[in-house]
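Participant:
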Amino acid sequence: MSEFVWWKHGVIYQIYPRSFRDSNSDGVGDIRGITDSIDYIAELGVDAIWISPVNKSPMLDFGYDIEDYREIDPLFGTMDDFLDLMKQCHDRNIRVIMDLVVNHTSDRHNWFLESRSSRNNPKRDWYIWHPGSGTRPPNRWKSAFGGSAWEFDERTGEYYLHSFLKEQPDLNWRNPELKKAVFDMMSFWLDLGVDGFRLDVVNWFIKDKKLRDNPVTMRPFHPERHKYDRNRPEVHDLLREMRVMTDRYRDRMLVGEVFTLIPGDPELSARFIGNGMDQLHMAFDFSIIYRFWSARGFYRALKKWYRAIPAGGWPAIVLSNHDQPRGRSRYLGPPGSDARARVASVFLLTVRGTPFLYYGEELGMKNARLRKSDIVDPLGHKFWPIYKGRDLSRGPMPWDGSENGGFSPVNPWLPADPDCENISVLKQSSDPYSMLTMHRRIISLRKQYRELSMGDFIPVLKGWRGIIAYYRKYGSDTSFIALNFTASEKKIDLNHRGQWRVLFSTHRTSYKFFTDLKFRLHPNEAIIVKRIGDM
Ligand code: TEU
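Just so we're aligned: the sequence shown equals residues 211 to 745 in the numbering used here.
(1) Measure the C-alpha to C-alpha separation of Val411 and Phe724 and round it to an integer number of angstroms.
(2) Between Phe496 and the ligand TEU, is there a pair consisting of the residue's CB and a ligand heavy atom that are separated by less than 7 Å?
(3) What is the rounded straight-line gap between the Cα of Thr696 and the Cα of Asn441?
(4) Where Met607 and Leu636 are concerned, what is the direct C-alpha to C-alpha distance, given to the nearest angstrom?
(5) Go through the stretch 601 to 656 residue by residue and report every complete run of the alpha helix (DSSP H) that reaches 4 residues or more, in order.
(6) Tell me whether Ala757 sits in a helix, a strand or coil according to DSSP, three-state version.
(7) The ligand TEU and Arg540: does the residue's C-beta get closer than 7 Å to at least one heavy atom of that ligand?
(8) Less than 8 Å between the C-beta atoms of Leu624 and Ser229, yes or no?
(9) For Phe690 versus Trp674, is the C-beta spacing smaller than 8 Å?
(10) Taking 7 Å as the line, does the beta carbon of Phe469 fall inside it for any heavy atom of the ligand TEU?
(11) Taking only three categories from DSSP, how would you classify Val586?
(12) Counting Cβ pairs closer than 8 Å, one from the stretch 639 to 649 and one from the stretch 462 to 469, do we hit at least three?
(13) Would the stretch 548 to 567 and the stretch 654 to 668 be scored as touching if the rule is three or more Cβ pairs under 8 Å?
(14) When burial is assigned at 16 or more other CB atoms within 10 Å of the CB, is Asp601 buried or exposed?
(15) For Leu658, count the other beta carbons within 10 Å of its own beta carbon; 16 or more makes it buried, fewer makes it exposed. Which is it?
(16) Roughly how many whole angstroms lie between the Cα atoms of Phe398 and Phe374?
(17) Just to check, is the beta-carbon of His532 closer than 7 Å to a non-hydrogen atom of the ligand TEU?
(18) Taking the alpha carbon of Gly605 as the reference point, which residue from Trp594, Ser634, Lys592 and Phe593 has its own alpha carbon closest?
(19) Quick one, are the C-beta atoms of Val556 and Asn734 less than 8 Å apart?
(20) Taking the straight line between their C-alpha atoms, what separation do you get for Met745 and His706?
(21) Exposed or buried, Ser530, counting other C-beta atoms within 10 Å across all chains shown (16 or more means buried)?
(22) Am I right that Lys437 and Pro476 are in contact with their C-beta atoms under 8 Å? What's the rounded C-beta distance?
(23) Tell me whether Ala354, by its Cβ, gets closer than 7 Å to a heavy atom of the ligand TEU.
(24) Out of curiosity, what's the CA-to-CA distance linking Pro588 and Leu270?
(25) By a C-beta neighbour count over all protein chains shown, 10 Å radius and 16 as the cutoff for buried, is Ser720 buried or exposed?
(26) Contact defined as beta carbons within less than 8 Å: I believe Ile483 pairs with Gly523. What is the distance between those atoms, to the nearest angstrom?
(27) Provide the residue(s) that pair with Val426 in DSSP beta bridges, ordered along the chain.
(28) At the level of alpha carbons, what is the spacing between Leu573 and Arg538?
(29) Val238: buried (16+ other C-beta within 10 angstroms of its C-beta) or exposed?
(30) Have a look at Leu693 and Pro268 and give me their C-alpha separation to the nearest angstrom.
(31) Are Tyr223 and Ile251 closer than 8 Å when you measure CB to CB?
(32) In chain order, which beta strand (DSSP E) runs of at least 3 residues are fully inside the stretch 235 to 301?
(33) Locate the beta strand (DSSP E) running through Thr560, then write down its first and last residues.
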C-alpha cells in the first residue's frame with residue numbers, strides 16, 4: 211500500500227446533510243444542496259466528504275435508523291441526485307464516504323418486519339431475541355438513550371435488544387446470512403463508486419453470546435463496564451473479513467466510530483485497526499474531543515493515541531462531530547472570541563493523522579441557542595434541561611446574510627443562528643483573516659508541503675506552560691508548529707539553528723522569517739514555520 215493513499219494525506223469533511231443546504235425549500239438540507247455547494251467544498255480543499263446517513267429512514271434518530279439501505283430517503287432526494295453528487299465530487303477529485311449504520315436498523319426495515327412476524331421466521335435470528343425470565347427482560351443491559359435495552363414484543367412473546375431507541379433493533383452479527391446481506395449491501399454501494407464507509411458504533415456490533423450482565427463499577431456516571439454488550443473481541447474477525455471484501459475494490463476506506471464514554475479509550479479504538487493493515491483503515495478515538503481546553507490535556511491524549519496505533523496503522527484526528535457540542539463552544543475563551551477555536555483548528559490540521567473537519571467548524575460555528583420547543587433530538591427530549599441533546603451542534607450552515615443565513619428560504623428544521631450573517635461563508639470569504647480563510651490556507655499548505663500531512667511528528671513542547679510545539683519532518687523537509695493555549699505572551703527559545711520562514715500565523719505577525727527558533731508567541735497564537743536552510 212502506497213504511503214500516499216488519499217485517506218492518509220487528505221482532509222475529510224463531515225457533512226450533516228439535514229443542515230448543509232436546502233435546495234427544495236422544505237427547511238431540510240438535501241443532496242442537491244450539497245451538489246450546489248460543490249465549489250465551496252472544492253475551494254476549501256478537502257479530499258473527501260463523509261455524509262451522515264441519507265438512506266430511507268423514518269428519521270426518529272435523524273437517519274441513524276435505516277429502513278432501506280439501498281434507497282435514498284425522499285427528504286434528501288433521489289438515487290440520481292446521489293449519483294450526480296458523487297460524479298461532481300469525483301470530477302473534482304473529492305471522494306465520497308457514506309455512513310454505514312449496521313449495529314441496528316429501523317424497526318420498519320423489512321428484515322425486522324419479517325423477524326418479528328413469528329418465532330420461526332427465517333429472519334428471526336437476524337436480530338437478538340430472548341424470552342426473558344417471567345416478566346423480567348433477559349438481563350440488565352441499558353439502552354444508550356435511557357432505560358432497558360430490551361423491548362417486549364407482544365406478538366411473539368419475546369424481548370428484542372435495542373442499544374438505542376426501541377425503534378432501532380440491534381442486528382445479530384453472529385448470523386452468517388445477516389452478515390452476507392450486509393456485505394452485499396456494501397458491495398452495492400462500492401460498485402456504484404462510493405469510496406468508503408464510516409461505521410457507526412462499530413465496537414457495539416457483537417454482543418456476548420450468553421447475554422451476561424456487565425460488571426458493575428464504582429465510578430460515578432459509569433455504573434457498568436461494557437464488557438458484554440460492547441467491545442466483544444469477536445468483532446475483529448468480522449472486520450478482517452470486511453477488510454478483505456473492501457480491498458477487492460481499489461482505494462476504498464473504512465473508518466470506525468469506536469464509541470466510548472469520557473475519558474475515551476485509545477487502546478480500544480486502536481484495536482479496530484488491527485495490525486494497521488487487516489481491519490479498519492482508521493478508527494476514531496474521542497479522547498481529545500472529551501478534553502477541556504488544556505495544552506497538557508490535548509498533548510497527553512494525543513500522545514496516548516499515537517502510542518496505541520500499531521506500526522502499520524494511521525491515526526484519525528477529530529475535534530467535533532454531530533454528537534458532541536461544537537468545539538468553538540466547548541473551548542470558550544474570552545466572550546465573542548474565536549481565538550481558542552483557531553488554535554484548535556491548527557492543531558487538528560497539523561498534528562499527524564487524518565483530520566476530520568465537521569461542517570461549520572471551518573467557520574467557527576457555535577452551538578445553536580435553542581429553546582425547549584426547538585429540540586427535536588430524542589436524547590434532548592429525554593434529558594432536558596440537564597442535557598440538551600445533540601441538536602446544538604446540528605444547526606443550519608450559514609452561507610450569507612439572507613433569510614436563515616441562506617440555508618433555506620423557509621424556516622429550517624432547527625433555527626438559524628441570529629448572528630449567522632457575521633460568520634457566514636460570504637462574509638468570511640472576502641476576509642483574509644477569517645477562520646474560513648485560515649482553514650483554506652492551512653489545507654493548501656498541507657498539499658504544498660508534504661511534511662505537514664505525511665511527516666513524522668516530533669514533539670518539542672509537551673503542553674507544560676500552556677504550549678504545544680512539534681516538528682513535522684519528511685525527508686529533508688522540516689516544519690515547526692507552535693500553539694499557545696494561553697491568554698499570555700510566551701517566549702519560544704529552542705536551540706534549533708537555521709533560517710525559518712513563517713508559512714502561517716493566526717496573528718498578523720510582523721515577522722516573515724526567523725533566525726533559529728527564537729521568537730515570541732502572542733496570546734493564543736498558533737504558528738507554522740518552515741525550515742529554509744542552515745545558517
Ligand atoms: O453514536 C453513538 C452514540 O452512542 C451516541 O449517540 C451517544 O449516545 C450520544 O452522542 C450521547 O453522548 C452513533 C451516531 O453517531 C449517533 O448519531 C447515533 O444516534 C447513534 O450512533 C445510533 O446510531
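All C-beta atoms in this analysis are idealised placements derived from N, C-alpha and C, irrespective of residue type, glycine included.
In this text the structure is predicted, and so the values were computed from the model without any measurement.
Facilitator: With the given structure in hand:
(1) 46 Å
(2) no
(3) 38 Å
(4) 12 Å
(5) 630 to 633 and 635 to 639
(6) Lying before the first or after the last residue shown, residue 757 is absent from the chain, which here runs from 211 to 745.
(7) no
(8) yes
(9) no
(10) yes
(11) coil
(12) no
(13) yes
(14) buried
(15) In the sequence as displayed, the identity of residue 658 is Gln instead of Leu. Looking at its Cβ environment, which holds fewer than 16 other Cβ atoms inside 10 Å, Gln658 is exposed.
(16) 27 Å
(17) yes
(18) Ser634
(19) no
(20) Only weak support is given to the placement of Met745: the predicted model assigns it a pLDDT of 48, under 50, and the value that follows is read from those uncertain coordinates. So the alpha carbons of these two residues sit roughly 11 Å apart.
(21) buried
(22) Wrong, their Cβ atoms sit about 18 Å apart, outside the cutoff.
(23) yes
(24) 8 Å
(25) exposed
(26) 5 Å
(27) Glu434
(28) 10 Å
(29) buried
(30) 44 Å
(31) yes
(32) 258 to 261 and 278 to 282
(33) Unbroken run through Thr560 is the alpha helix (DSSP H), Ala549 to Thr560; no beta strand (DSSP E).
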